[in-house]
Structures are given as structure tokens and as C-alpha cells.
Amino acid sequence: MDIHFLAEAHAAAVWADISGDGVVKSTANPFCRTRPINATVRISPRPDSELQPRAHGHVHLSVKRDGPRTAIDTLRQAGSSKLLFPRRTGPEIEAVLLNTAGGVTGGDRFAVDIEAQSGTAMTLTTQAAERAYAAQPGETGVIRSSLLLGEDVAFNWLPQETILFAGCALDRSLAVEMAASSRLLVSEILVFGRGAMGETLTCGTFLDRIEVRRGGEKLFLDAIALHGNIAAHLERAAIAAGSGAMVSVVYVAPDAEAYLGPLRAMLPETAGVSLIGADLLFLRALAQDSFALRQMLIPILVRLTKTPLPRCWMI
73 MDIHFLAEAH
83 AAAVWADISG
93 DGVVKSTANP
103 FCRTRPINAT
113 VRISPRPDSE
123 LQPRAHGHVH
133 LSVKRDGPRT
143 AIDTLRQAGS
153 SKLLFPRRTG
163 PEIEAVLLNT
173 AGGVTGGDRF
183 AVDIEAQSGT
193 AMTLTTQAAE
203 RAYAAQPGET
213 GVIRSSLLLG
223 EDVAFNWLPQ
233 ETILFAGCAL
243 DRSLAVEMAA
253 SSRLLVSEIL
263 VFGRGAMGET
273 LTCGTFLDRI
283 EVRRGGEKLF
293 LDAIALHGNI
303 AAHLERAAIA
313 AGSGAMVSVV
323 YVAPDAEAYL
333 GPLRAMLPET
343 AGVSLIGADL
353 LFLRALAQDS
363 FALRQMLIPI
373 LVRLTKTPLP
383 RCWMI
């Protein structure tokens with residue numbers, strides 16, 4: 073763009089000269105032009121996508137056995153990702169993940185790496201629902217999470233909802249490597265738009281992948297890919313029949329089969345649970361909104377964990 077600067081310098085053509093006798097005299101300013109200033113400057117602004125702030129966050133946590141309790145071994149955190157550790161009364165450690173950026177938009181990068189050493193017990197949750205905001209064209213937010221579980225570990229991955237806004241672009245994955253004697257519970261809730269505001273996901277991109285490996289071999293893989301008019305896709309009877317929220321639950325433990333019947337009795341018609349192998353349960357449920365989904369989900373998670381959910385779930 074061309075920006076022109078025009079100015080008349082005549083007003084500055086007179087200056088004050090104070091002599092030694094204190095008399096103020098007006099005289100011509102020898103340093104001032106009397107002709108108009110006419111200059112052209114070429115400014116090439118950067119594209120809007122380069123001007124948009126980017127959020128980055130990374131946490132690495134390793135926990136160890138300290139007598140009867142689980143304790144922090146190492147903790148590193150950077151950028152917009154923080155971990156808090158509420159007070160506890162039992163042997164398990166609870167970690168609460170915060171995103172100080174307030175959400176995820178195009179170009180953001182977040183990573184969570186957790187190592188649970190042998191004999192530890194841990195629950196990880198989030199302070200609040202994660203928000204996938206509208207992104208600029210060609211920009212995608214990325215979240216990469218990994219869990220490494222040693223022998224005899226009990227780990228609960230229980231983040232609160234992820235809310236997809238219209239125009240969002242989010243690529244997310246959770247990779248778990250676990251020992252044969254470990255136990256794992258994963259719950260991931262998706263909310264399709266802000267229903268109370270009448271928002272419809274007429275455009276957006278959401279990619280999600282949950283992979284569980286045990287002893288180096290693939291045990292479970294679930295992938296979701298939503299593009300374009302997400303709302304129209306979810307309206308299809310064979311997909312979600314217009315549901316506004318969904319949850320996926322993975323439970324890997326020796327007693328998985330014993331929960332199959334009780335969980336089926338707790339589920340509505342819009343949900344199902346299956347036993348995959350001898351020790352893996354997979355549950356998926358749909359609901360009209362996140363409130364209805366929580367009413368169904370919380371009793372199930374309490375039953376599987378045998379403990380109350382983290383307090384931030386109750387706020």
C-alpha cells in the first residue's frame with residue numbers, strides 16, 4: 073500500500089531567538105523548508121495469519137513410588153501449559169492441567185508427556201473445559217499427549233469437555249504405552265458447538281486419535297475425522313442423530329469383563345459398551361448436550377475408579 077505524507081512547513085518557518093539581553097526576537101528558521109513535504113513510503117504489511125499470536129505449551133511429568141504414596145519425580149512446564157497438584161488424603165496423586173491461553177486456535181502447539189513409574193497411581197484432569205476456537209484458513213491447532221505406564225500402574229486420564237467452536241481446526245492425539253500389569257482409564261468428551269448460544273458447526277475440522285499399546289504391540293486404536301459442515305454430518309441417523317455431545321471411554325484392566333453387564337444396565341439407548349478382548353472395554357455415548365452427558369457419565373466413571381471424581385469436575 074502507498075501512504076502519502078503531506079505537510080506545510082511554513083508554520084515552523086519562524087523561531088525564537090533569545091539574546092543575551094533577554095529580548096525575544098522572531099527570525100527566519102534556517103533549518104526549516106518553506107516548500108511542502110511530499111514523500112511516498114512503500115509499506116508491505118504481513119498477512120493477517122502472521123500477525124495472529126500463537127500459544128505454545130509443554131508439560132513433562134514423571135511420578136514415582138514414595139513409600140505407600142505416589143510422588144513427583146520430575147516436573148517441567150513451559151509456555152501456556154501448567155500443572156497443579158491439589159491436596160490429597162490417599163496414596164494417589166492428582167494433577168490438574170491448565171491452559172492459560174484460554175483455548176486452542178490455529179497455529180497453537182501443546183504437548184503433554186506423562187511417565188508413571190512402577191507401582192504408582194495417578195489421575196490427570198483439566199481445570200475446565202478446553203475450547204477449540206475458530207481458526208484462520210490454513211492454520212491448525214495441535215495437541216499431542218503421551219503416557220508411559222510402568223508395571224502395576226493405575227492411571228486415570230479424565231480431562232473435562234473439549235468444546236468445538238464453529239470454524240475450529242484442531243488436530244489432537246493421545247498415545248499410551250503401558251506395561252502388561254498396568255490399569256488404564258481414558259475418558260474423552262466432545263461438545264459439538266455452544267448449544268445455549270444456538271451455534272451450529274457449519275464449518276470446521278477436528279481430527280482425534282487414541283492409541284493404546286501394551287508391551288510394544290497395538291492394543292486399541294480409535295480415530296475421528298470431521299471436516300466441513302460438521303453439524304450436517306452429525307444429523308445423520310447412523311452417525312449421531314443430531315446429538316450435541318459425545319464421550320469415548322476406554323478401560324483396560326483385568327476386571328474389565330466384570331463391568332460389562334453393570335455398565336450396560338446404566339446406559340441409555342444412545343450409548344453402547346463392548347468387550348474387546350479379555351481385558352478391554354470400550355464405551356461410546358451420545359447425548360443432547362454436555363449436561364445430559366455428564367449426568368450419564370459421572371456414575372460410570374465413579375464406578376470404574378471406585379473413588380469420587382476430581383473436585384474441579386464439580387465446579
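Here my numbering is used: the first residue of the sequence shown is 73, the next is one more, and so on. Glycine included, each C-beta is placed from N, C-alpha and C at the ideal position.
Contact between the segment 254-273 and the segment 229-245 is present: 3 or more CB-CB pairs across the two stretches fall below 8 Å. About 14 Å separates the beta carbon of Gly210 from that of Asp180, a gap too long to meet the 8 Å contact definition. Shown here, Thr177 sits in coil according to DSSP, grouped into three states, outside any helix or strand. DSSP, read as helix, strand or coil, puts Gln149 in strand. One alpha carbon belongs to His132, the other to Pro326, and they sit about 29 Å apart. Between Leu355 and Val324, the CB-CB gap reaches or exceeds 7 Å.
For Thr146, the number of other beta carbons within 10 angstroms of its own is below 16, and it is reported as exposed.
In the structure shown, Ile302 adopts helical secondary structure according to DSSP, grouped into three states. Per the coordinates, the alpha-carbon of Gly151 lies some 12 Å from the alpha-carbon of Val184.
Our two residues, Thr198 and Glu283, have alpha carbons roughly 20 Å apart in a direct line. Gly314 and Leu262 have their alpha carbons spaced roughly 14 Å apart. Residue pairing for Met368: DSSP places it in no beta bridge. Residue range 352-359 is occupied by the beta strand (DSSP E) that includes Arg356.
Contact annotation: the segment 242-252 does not touch the segment 303-312, with fewer than three C-beta pairs closer than 8 Å.
For Ala241, no alpha helix (DSSP H) segment is defined; the enclosing uninterrupted segment is the beta strand (DSSP E) at 241-250. For Gly349, the number of other beta carbons within 10 angstroms of its own is below 16, and it is reported as exposed. Here the alpha carbons of Gly175 and Ala127 stand approximately 9 Å from one another.
The C-beta of Arg383 has fewer than 16 other C-beta atoms within 10 Å across all chains shown, which makes the residue exposed. Val135 is the residue among Val135, Thr234, Glu223 whose C-alpha sits nearest the C-alpha of Glu187.
By the Cβ-count criterion, Phe264 is buried, with 16 or more other Cβ atoms from all chains shown falling within 10 Å of its own Cβ. Per DSSP, Arg159 lies in no alpha helix (DSSP H) and is assigned neither H nor E. For Asn301 and Gly276, the gap between their C-alpha atoms comes out near 7 Å. For Met194, the number of other beta carbons within 10 angstroms of its own is at least 16, and it is reported as buried. Between Leu353 and Ser259 the beta-carbon gap is near 12 Å, outside 8 Å, which marks them as no contact.
Here Val374 carries a helix assignment [DSSP, helix/strand/coil]. In the displayed model, Leu133 falls within a strand according to three-state DSSP.
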